[in-house]
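Here is the structure we will look at.
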Amino acid sequence: MSGWRYLVCPVEFNNDSNRFQVDCEPLTHVPCRTTVRLYPFQIHSIALSSFASIMGPFGGFFASGFKRGFKIKQQSDHMYCCLFFRDFANTIPGHGGIMERFDCQYLMATFVNVYIASFIS
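For the sequence shown, UniProt numbering assigns the number 1 to the initial residue and increments by one for each residue that follows.
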């Protein structure tokens with residue numbers, strides 16, 4: 001994209017021709033730095049945020065597998081409803097309770113604990 005003048009050069013108004021004009025030569029080779037310097041906390045932040053964004057949503061699947069393994073999750077008796085009841089609790093009606101809302105946080109807390117014990121301490 002750096003080869004297109006309209007994307008990298010400043011556009012100026014020419015009063016003589018009453019038009020906008022682009023007067024620069026785009027770079028054919030963009031210079032780049034070969035080294036990236038990061039503080040240790042930035043490296044740890046990248047590792048934790050990558051795990052949170054990739055594996056965090058699967059916490060719900062793990063909680064669902066846990067409930068099915070212990071026969072907590074039961075199928076609805078209504079013939080038109082194909083949803084499953086969430087039987088962790090009825091603290092929040094229709095949401096399955098506190099455990100159902102924080103299933104991905106439990107997964108992240110476990111990962112953070114193992115990460116800190118393995119790499120930081």
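We put the CB at the ideal spot given by N, CA and C, even for glycine.
Local Cβ density within 10 Å of residue i, reported as buried at 16 or more and exposed below that
i, result
"Gln-105", "exposed"
"Ala-109", "exposed"
"Lys-71", "exposed"
"Leu-7", "exposed"
"Leu-107", "buried"
Residue i (DSSP reduced to helix, strand or coil)
i, result
"Arg-37", "coil"
"Phe-51", "helix"
"Glu-100", "helix"
"residue 198", "This structure cannot speak to residue 198, because the chain is shown only from 1 to 121."
"Phe-66", "helix"
Nearest to residue i (by Cα), restricted to the options the options
i, options, result
"Ile-116", "Ala-47, Gly-59, Asn-14 and Glu-25", "Ala-47"
"Arg-101", "Gly-59, Phe-20, Ile-120 and Val-36", "Gly-59"
"Gly-56", "Phe-111, Lys-67 and Val-22", "Phe-111"
"Phe-119", "Gly-65, Gly-69, Arg-68 and Ile-43", "Ile-43"
Short Cβ contact (9 angstroms threshold) for residue i with residue j
i, j, result
"Asp-103", "Ala-63", "yes"
"Pro-10", "Cys-24", "yes"
Check: residue i C-beta below 8 angstroms from any heavy atom of the ligand SAH
i, result
"Val-8", "Among the ligands in the structure shown, none appear at all, so the ligand SAH cannot be discussed."
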